[in-house]
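Under the working numbering, think of the first position of the sequence shown as 2, with each following residue one higher.
Below is one structure, written out as structure tokens; the observations come after it.
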Amino acid sequence: MKLKRYLQVTKPGIIFGNLISTAGGFLLAAKGHADLSVFLATVIGLSLVVASGCSLNNCIDMDIDCKMARTKNRVLVTGVMSFKAALVHGLLLGVAGFWTLWHWTNPLAFACALFGFVIYVGVYSLYMKRHSVYGTVVGSLSGAVPPVAGYCAVTGRFDMGALILLAMFCLWQMPHSYAIAIFRFKDYEAANIPVLPVVKGVSAAKQQIVLYILAFAAATVMLSLGGYVGYGYLAVACATSLWWLKMALSGYKHGIDDRTWARQVFFFSIITITSLSVMMAVDFQSPAHGVLAFTF
């Protein structure tokens with residue numbers, strides 16, 4: 002079906018994950034008083050922008066996708082969809098998404114989405130992914146935009162809550178991405194993509210995974226210290242972060258299969274961020290009771 006190829010090129014799994022984090026950031030800021038029309042505009046607009054970025058990323062990555070087992074069956078590689086069709090599709094989705102955000106949310110939410118889009122498509126996909134081991138760090142900025150944009154769609158300002166969300170989701174991206182790079186090591190090596198495990202070795206990547214999880218755990222607690230969330234969120238944040246850290250440290254066990262270990266770390270990263278997105282949406286508090294409630 003023609004419709005299916007247009008859906009597949011947008012990477013629906015990524016859209017769904019970002020939709021959850023966007024909703025989490027929005028409902029955290031709304032604190033039980035969400036404007037349904039603004040909420041729908043935010044999640045729809047950002048989903049369209051993410052879909053646009055993913056479509057354009059498929060166009061940019063055609064030459065390396067064919068070298069990787071994970072991506073060799075993408076619609077542009079197999080020829081099921083043409084480059085021109087994917088490019089036009091991506092551009093139209095972007096126009097629709099940005100128009101929705103501009104007309105139905107606020108300039109700050111629009112600016113956040115634009116920032117993430119430019120970083121992902123213009124900086125990461127076109128250059129950093131292929132040329133620098135720090136591509137993952139740059140890409141993490143775009144991955145952290147949806148919850149921040151959702152939050153700012155409500156508040157209209159970039160305050161400490163938005164900064165904590167940005168830090169949380171940036172830090173989460175790193176062990177999540179490094180785990181993928183470990184269990185897909187041969188793919189990245191074949192495509193000559195300079196991810197950390199390929200450039201500096203799996204041991205270096207394991208060390209970075211542990212350090213980033215520690216930093217992520219600290220960032221999640223900051224949301225509670227700031228008074229933005231309650232004890233329910235804090236309990237889930239501590240439990241998931243500690244378990245994720247325990248899993249990461251198990252990678253140092255003698256004789257462990259690195260690919261199996263990395264896959265487990267990756268899957269639990271999804272459970273962790275999904276749980277926190279849900280908890281921040283339902284266990285919100287007034288930041289006036291916290292110690293980090295500053296506005297920029």
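The beta-carbon is built from N, C-alpha and C at its ideal position, and this holds for glycine as well.
query	result
Among residues of its own chain, excluding the 5 on either side of Lys32, which ones have a beta-carbon nearer than 6 Å to its beta-carbon?	Phe285
When the Cα atoms are used, what is the spatial distance from Thr298 to Lys73?	Residue 298 falls outside the range modelled here, since the chain spans only 2 to 297, and no answer is possible.
How many Å lie between Val119 and His255 at the Cα?	43 Å
Expressed to the nearest angstrom, what Euclidean distance is found between the alpha-carbon atoms of Thr296 and Thr43?	Low local confidence applies: a pLDDT of 49 at Thr296 is under 50, so the model's placement there is unreliable, and no value is given.
Here's the rule I'm using: 16 or more other beta-carbon atoms within 10 Å means buried, otherwise exposed. How should Asp64 be labelled?	exposed
Relative to the alpha-carbon of Pro108, which residue among Val96, Ala97 and Arg158 has its alpha-carbon at the smallest distance?	Arg158
Please indicate yes or no: does the CB of Met223 lie closer than 7 Å to some heavy atom of the ligand NAP?	In the structure shown, the ligand NAP is absent, as is every other ligand, since no ligand is present at all.
Sort out for me which residues DSSP pairs Val230 with in a bridge.	Phe285
For Arg131, which residues in the same chain have their Cβ closer than 7 Å to its Cβ, ignoring the five residues on either side in sequence?	Ile194
Classify His104: buried if its beta carbon has 16 or more other beta carbons within 10 angstroms, exposed otherwise.	exposed
Going by beta carbon distance, what residues of the same chain come within less than 6 Å of Gly117, once the five residues before and after it are set aside?	Ser143 and Val146
Just mark Thr137 as buried or exposed, buried being the case when its beta carbon has 16 or more other beta carbons within 10 Å.	buried
Taking 8 Å as the cut-off, decide whether the C-beta atoms of Leu235 and Leu215 are in contact.	no
Compute the beta-carbon to beta-carbon distance between Leu49 and Leu94, rounded to the nearest angstrom, for a pair I have assumed lies under 8 Å.	5 Å
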